[in-house]
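What follows is a set of notes on a single structure, which appears directly below.
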Amino acid sequence: LLLEKAFLATVPGIAFGQEGFLRLSFTCSTDEIIKSAARIRWVIDPESSPEIIIGGQKMVRDWELSK
50 LLLEKAFLAT
60 VPGIAFGQEG
70 FLRLSFTCST
80 DEIIKSAARI
90 RWVIDPESSP
100 EIIIGGQKMV
110 RDWELSK
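Under our numbering, residues 50 to 116 are what the sequence shown spells out, in order.
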């Protein structure tokens, strides 16, 4: 979902010895890291806003999240 819905690429942690985790690479500004963290939360946190702006476009969560 992170890539498909929030346009964020990750690598499974198992590729680096840690199953159950994601590998994130930060090669951008602090502002972009903060925006990316908000996008991760939007995808996985059922208590986050159902809408987010990504690249100037309003995105609406269209999948179910469990609490």
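We put the CB at the ideal spot given by N, CA and C, even for glycine.
Alpha-carbon to alpha-carbon, residue j and residue i
i    : j    : result
F65  : R72  : 8 Å
K116 : C77  : 32 Å
P61  : L50  : 13 Å
D94  : L114 : 7 Å
Near the ligand MN: residue i beta-carbon under 7 Å from a heavy atom
i   : result
L50 : Summarising the ligand content, the structure contains no ligands, and the ligand MN is consequently not present.
For residue i: DSSP bridge partner residues
i    : result
E100 : V109
V60  : R72
Helix, strand or coil at residue i [DSSP, three-state]
i    : result
L114 : coil
L71  : strand
Residue j beta carbon less than 8 Å from that of residue i
i    : j    : result
W112 : I101 : no
R88  : A55  : yes
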